[in-house]
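First up is the structure itself, then whatever we jot down about it.
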Amino acid sequence: MIRETVHVPLGDRSYDVIIGEGLIANAASELRPLLPRPRVAVLTDENVAHAHLDALQSGLGDIQMTALSLPVGEATKSWPALEKSVEWLLAEKLERRDVMIALGGGVIGDLGGFAAAIVRRGIRFVQIPTSLLAQVDSSVGGKTAINSGHGKNLVGAFHQPALVLADIGVLDTLAPRDFLAGYGEVVKYGLLGDAEFFAWLETNGPALATGDRALRTHAIKRSVEMKADIVARDETEQGDRALLNLGHTFCHALEAATGYSDRLLHGEGVAIGCALAFELSARLGLCSQEEPSRVRAHLKAMGMKTDLADIPGDLPDADRLIDLMGQDKKVIDGKLRFILARGIGEAFVTDDVPRETLHGVLQDALSSIGR
Ligand code: GLY
Numbered sequence: 005m006i007r008e009t010v011h012v013p014l015g016d017r018s019y020d021v022i023i024g025e026g027l028i029a030n031a032a033s034e035l036r037p038l039l040p041r042p043r044v045a046v047l048t049d050e051n052v053a054h055a056h057l058d059a060l061q062s063g064l065g066d067i068q069m070t071a072l073s074l075p076v077g078e079a080t081k082s083w084p085a086l087e088k089s090v091e092w093l094l095a096e097k098l099e100r101r102d103v104m105i106a107l108g109g110g111v112i113g114d115l116g117g118f119a120a121a122i123v124r125r126g127i128r129f130v131q132i133p134t135s136l137l138a139q140v141d142s143s144v145g146g147k148t149a150i151n152s153g154h155g156k157n158l159v160g161a162f163h164q165p166a167l168v169l170a171d172i173g174v175l176d177t178l179a180p181r182d183f184l185a186g187y188g189e190v191v192k193y194g195l196l197g198d199a200e201f202f203a204w205l206e207t208n209g210p211a212l213a214t215g216d217r218a219l220r221t222h223a224i225k226r227s228v229e230m231k232a233d234i235v236a237r238d239e240t241e242q243g244d245r246a247l248l249n250l251g252h253t254f255c256h257a258l259e260a261a262t263g264y265s266d267r268l269l270h271g272e273g274v275a276i277g278c279a280l281a282f283e284l285s286a287r288l289g290l291c292s293q294e295e296p297s298r299v300r301a302h303l304k305a306m307g308m309k310t311d312l313a314d315i316p317g318d319l320p321d322a323d324r325l326i327d328l329m330g331q332d333k334k335v336i337d338g339k340l341r342f343i344l345a346r347g348i349g350e351a352f353v354t355d356d357v358p359r360e361t362l363h364g365v366l367q368d369a370l371s372s373i374g375r
């Protein structure tokens, strides 16, 4: 059975991310060391409950399980769903040392983590991420949040999980579109800090997408190692952690422009955003034009959304997209912060991007598709 462990070293908030097969089936042995009493509360969504809750219950053996299933989708990262989750945890009489499990993708992980952060001023929680995106990104690092009418992830807290169990078997149940959206975050790691990993993805991405478990494990482990390293250096995003937002300033504007709907999944927006960030870097003379071309070629070879043209329906003009970027949490003193690159694997953070150059990149991307 495949089993790899990545440690996230954060002093008394350190924890392991275990990546491998059979982790849900053996949940009792993974979790028992954390439990003061044989009881867990599982927050999940209706699809994930249908696919995996019975397996988790049987994996928990004699550990008593109570569960709350919420509606599927981004709309669940909301004040009403937070209230429902918190009131449920209180009604279930979870104590501070008890463990809540967030079983699901990024929505459940972010919402559940935030509920865990505020119930009794913080209870422990375990992430069991069921999407590739959640396994490589959102379940690790302790960012928790809900969305506000003002934008995505604007209400939240840093609250680290006590353990992350990334069971790669669950990836077999994902729709290809969801798998590839998560792969957008995997590509991001290569692009931001590991050119060799990006080259490995160029070679192995197609086989990984069709189901090779050893390749999937390697890609997830390398992604989590990179995230753990960055989070250990900068847990609360005072500096380097912003590198993890490569592609996200563009992505958040595109998600807002498409109403956070299934016209554009988050990971798809990240992939398009990474391509645009490299295009912007090339326009600013930071890297050669071959670098954005190579990024786009890999995304296209994987059958992923790559360009604005791949987003169905209308998009607003370049000025409106820049306005939407202004809602991003990365804005400091009214200045947009971007993650740009001097080449593949060499990203850095800057707020020094002339508006005309940004406008030009967006305008060209829009006019190439006749908008
Ligand atoms: N997803 C970006 C971060 O965790 O910082």
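Sequential numbering from 5 applies to the sequence shown in our numbering. By construction, the Cβ of each residue, glycine as well, lies at the ideal position given by its N, Cα and C atoms. As the structure is a computational prediction, the values presented were derived from the model and not from experiment.
Taking only heavy atoms of the ligand GLY into account, decide whether any of them is closer than 8 Å to the Cβ of S2. Any property of residue 2 remains undetermined from this structure, which presents the chain solely from 5 to 375.
Does the stretch 32 to 41 come close enough to the stretch 54 to 65 that 3 or more CB-CB pairs lie under 8 Å? yes
According to DSSP, simplified to helix, strand and coil, what is R245? For this step, residue 245 is matched to residue 241 along the sequence shown. Note: R245 maps to helix in three-state DSSP.
Put N208 into one of helix, strand or coil per three-state DSSP. The residue labelled residue 208 in the question sits at position 204 within the sequence shown. Here N208 sits in helix by DSSP.
With the cut-off set at 9 Å, would you say T257 and D311 are in Cβ contact? If you number the sequence shown from 1, residue 257 lands on position 253. If you number the sequence shown from 1, residue 311 lands on position 307. One point to set straight first is that residue 257 is Ala, not Thr, in the sequence displayed. It is not a contact, given that the beta carbons lie outside the stated cut-off.
C-alpha gap between A213 and A106, whole angstroms: Indexing the sequence shown from 1 puts residue 213 at position 209. Indexing the sequence shown from 1 puts residue 106 at position 102. One C-alpha to the other measures close to 25 Å.
According to DSSP, is T253 helix, strand or coil? To locate residue 253, count along the sequence shown from 1; it is residue 249. Three-state DSSP puts T253 in a helix.
Cβ of G243 within 8 Å of any heavy atom in the ligand GLY? Residue numbering aside, residue 243 sits at position 239 when the sequence shown is read from its first letter. Checking every heavy atom of the ligand GLY against the Cβ of G243, none is found closer than 8 Å.
Using a threshold of 8 Å, is the CB atom of N30 nearer than that to any non-hydrogen atom of the ligand GLY? Against the sequence shown, residue 30 aligns to sequence position 26. Checking the Cβ of N30 against the ligand GLY gives no.
Taking G277 as the reference, give the member of P296, S292, G289, S143 with the closest Cα. In the sequence shown, residue 277 corresponds to position 273, counting from 1. Selected option, being the one with the closest Cα: P296.
Any contact of the stretch 43 to 57 with the stretch 13 to 22, i.e. 3+ C-beta pairs under 8 Å? no
If we call anything under 9 Å between Cβ atoms a contact, is L196 one with L247? Translated into positions along the sequence shown, residue 196 becomes position 192. Translated into positions along the sequence shown, residue 247 becomes position 243. Yes, the Cβ-Cβ distance between L196 and L247 is below 9 Å.
Starting from S73, follow the beta strand (DSSP E) in both directions and report where the run begins and ends. As a first step, residue 73 is located in the sequence shown; it is residue number 69 there, counting from the start. Start and end: 68 to 74.
Express the C-alpha separation of V168 and D141 in angstroms, rounding to a whole number. Residue mapping note: residue 141 aligns to position 137 of the sequence shown, counting from 1. Residue mapping note: residue 168 aligns to position 164 of the sequence shown, counting from 1. Going by the C-alpha atoms only, they are around 11 Å apart.
Residues near G317 by beta carbon distance below 8 Å, same chain, minus five either side: Position 313 of the sequence shown, counting from 1, holds the residue named residue 317. So the qualifying residues of the chain are T262, R267.
First and last residue of the beta strand (DSSP E) that includes D321? Here the question's residue 321 lines up with position 317 in the sequence shown. D321 -> no beta strand (DSSP E), and no H or E assigned at all.
Between A71 and L93, what straight-line distance do the alpha-carbon atoms span, to the nearest angstrom? The residue given as residue 71 occupies position 67 in the sequence shown. The residue given as residue 93 occupies position 89 in the sequence shown. Those two C-alpha atoms are separated by around 10 Å.
Along the beta strand (DSSP E) that carries G149, what are the first and last residues, could you check? Here the question's residue 149 lines up with position 145 in the sequence shown. Gly is not the amino acid found at residue 149; the sequence shown has Ala there. Run containing A149: 147 to 152, per the beta strand (DSSP E) assignment.
From the DSSP output, read off the bridge partner residues of D171. To locate residue 171, count along the sequence shown from 1; it is residue 167. BP columns for D171 point to G24.
Nonlocal neighbours in the same chain, by C-beta distance under 7 Å from D244, ignoring five residues either side: The residue you call residue 244 lines up with position 240 of the sequence shown. Contacts found: I234, R237, D238.
To which residues does DSSP link E46 through a beta bridge? Locating residue 46 in the sequence shown gives position 42, counting from the first residue. With the sequence shown as reference, residue 46 is identified as Val, and Glu is not the correct amino acid for it. V46 pairs with A71, I105.
Nearest-angstrom beta carbon gap, L340 and D355 [assumed within contact, 8 Å]: By one-based count along the sequence shown, residue 355 stands at place 351. By one-based count along the sequence shown, residue 340 stands at place 336. 7 Å between Cβ atoms; contact.
Under 8 Å from any heavy atom of the ligand GLY, does the C-beta of V52 make it? Numbered from its first residue, the sequence shown carries residue 52 at position 48. No.
C-beta contact flag for T240 and A281 at 9 Å: One-based indexing of the sequence shown puts residue 240 at position 236. One-based indexing of the sequence shown puts residue 281 at position 277. No, Cβ-Cβ distance for T240 and A281 is not below 9 Å.
On the three-pair Cβ rule with 8 Å, is the stretch 168 to 178 touching the stretch 115 to 135? yes
Is DSSP giving E8 helix, strand or coil here? Here residue 8 is taken as the residue at index 4 of the sequence shown, counted from 1. Here E8 sits in strand by DSSP.
Where does R128 land, buried or exposed, given buried means 16+ other C-beta within 10 angstroms? Within the sequence shown, numbered from 1, the residue matching residue 128 stands at position 124. By the 10 Å Cβ count, R128 comes out buried.
Take H222 as the anchor and find which of Q242, Y193, F342, L14 has the nearest alpha-carbon. The count along the sequence shown starts at 1 and reaches residue 222 at position 218. Selected option, being the one with the closest Cα: Y193.
Could you pull out every residue in the same chain whose Cβ sits closer than 8 Å to the Cβ of I28, ignoring the five residues on either side in sequence? Along the sequence shown, one-based indexing puts residue 28 at 24. The answer, listed in chain order, is H56, A59, L60, G63, I132, L169, D171, G173, V174.
Among the candidates G126, S89, T207, E8, whose CA atom is the shortest distance from the CA of G116? Taking the first residue of the sequence shown as 1, we reach residue 116 at position 112. Comparing Cα positions, the closest option is S89.
Reference I150; option with closest CA among G347, L158, A232: Indexing the sequence shown from 1 puts residue 150 at position 146. If we check each option's Cα against that of I150, L158 comes out closest.
Does the ligand GLY have a heavy atom nearer than 8 Å to the CB of V21? Numbered from 1 along the sequence shown, position 17 holds the residue referred to as residue 21. Not so, every heavy atom of the ligand GLY lies at least 8 Å from the Cβ.
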